[in-house]
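Whatever position you read off the sequence shown (first residue = 1), add 22 for the working numbering. Glycine included, C-beta positions come from ideal geometry on N, C-alpha and C. Okay, so here's the structure we're looking at.
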Amino acid sequence: MDEAIDRCDIVLKGSELRGEILTKVFTSFVASFGDEYVAKLMTLTKEILQEQRLTPDSPLQFFIVTEALLKRIDFLDEQFETFIAPLQEDSPTQLTYQVLTVIEKAIGQILTAHQVKGDFLGSQASMSLSSSKACQKCTDYLQPLVTVICRVLIEQNCDHFLTALARSFKDLYLQHLRKFRFDPDGACMLLRDVSEYRQAFRSPSLPAAVDDTFDLLHEVANVFALPPENLGGFVREGKLATLNKQTLHHIVKRRWDYKTNADKLSASLKHAKEAKDEKAT
């Protein structure tokens, strides 16, 4: 196209035909570019998320291809609105939410493969000054992904996606924690893990909702370290009060001393609920 424009400038310089020919050249380029290139990029973004092609790297590849697609779209400017926009429609928005499922599946597989029962109990947890292996593997997966997300999605789109991703991670992680028991040393390990997960989500302008999500997970870790009689007040005053009763009960049951202190723990939580209900009225 550049060569055609240069030739028009030489051959038709000063001619009224110059503008008309340049318009036709650019229009032909836009039509060809949209059909042969942008459409293929759109198809590729969809294929990356197809079940038979899914790998843990699929979300990262999706955002890299989307970035390439958006750069080409910007180049077309006003012509894009006429010739390329119909190819786009709402596909990027739909696919970004579809990719959440792919990310969640990949994280679930990492946690299952690398989190062991000894991570949160006894000497193994107390001797380690670092996060668990499962956490390290997850953050290795999440950090480059979040970096690309922040580069490709802008402003509110980025905030909304990071918030949705953090909440999806929280729900998945709470389910994951039900498989383990925790003593105070294990609570310290969990606190280190939560801190690393929070760091993996760091971005130039982190949405407050993401911080709130990890504040809640931080409080979950403290549930396993507090004396039974102090648990109710802690739950009542913090973000754990936003959890439903069943979810909170499942968390408390993972304490190492639940069987021996079940009555104390239940009484403490009951008192917290009564105080919360009284405050609400």
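For the pair residue 89 and residue 174, the CB atoms are nearer than the 8 Å cut-off. For residue 181, same chain residues with a beta-carbon under 7 Å away, outside a window of 5 residues either side, are 229 in chain order. For the pair residue 278 and residue 189, the CB atoms are not nearer than the 8 Å cut-off. DSSP, read as helix, strand or coil, puts residue 200 in coil. By the beta-carbon neighbour count (other beta carbons within 10 angstroms, threshold 16), residue 151 is exposed. Taken through DSSP and simplified to helix, strand or coil, residue 276 comes out as coil.
Listed in chain order, the non-local C-beta contacts of residue 226 below 7 Å within the same chain comprise 172, local neighbours out to five positions each way being set aside. Collapsing the DSSP output to three states places residue 223 in coil. Only residues of its own chain outside the window of five on either side were considered, and among them 260, 261 and 262 have a CB closer than 6 Å to the CB of residue 241, listed in chain order. For residue 238, the enclosing alpha helix (DSSP H) has its first and last residue at 230-245.
A distance below 6 Å between beta-carbons, with the five flanking residues on each side excluded, links residue 78 to the following residues of its chain, in chain order: 128.
CA-CA distance, residue 130 to residue 254, rounds to 31 Å. In the displayed model, residue 92 falls within a helix according to three-state DSSP.
CA-CA distance, residue 185 to residue 143, rounds to 31 Å.
Remark: C-beta atoms of residue 250 and residue 286 approach each other more closely than 8 Å. Taking each of 271, 207, 218 and 81 in turn and checking the Cα distance to residue 157, the smallest one comes out for 218. Of the candidates 265, 118, 292 and 164, the residue whose Cα lies closest to the Cα of residue 224 is 164. Within the same chain, and ignoring the five residues on either side of residue 283 in sequence, the residues whose Cβ sits closer than 8 Å to its Cβ are 250 and 277. Under the DSSP assignment, residue 158 falls in the alpha helix (DSSP H) whose first and last residues are 155-174.
Ranking 170, 66 and 211 by CA distance to the CA of residue 141 puts 211 first. By the neighbour-count definition (other C-beta atoms within 10 Å, threshold 16), residue 176 is an exposed residue.
In the same chain as residue 183, and ignoring 5 residues on each side of it, the C-beta atoms closer than 7 Å to its own belong to 118, 171 and 175, in chain order.
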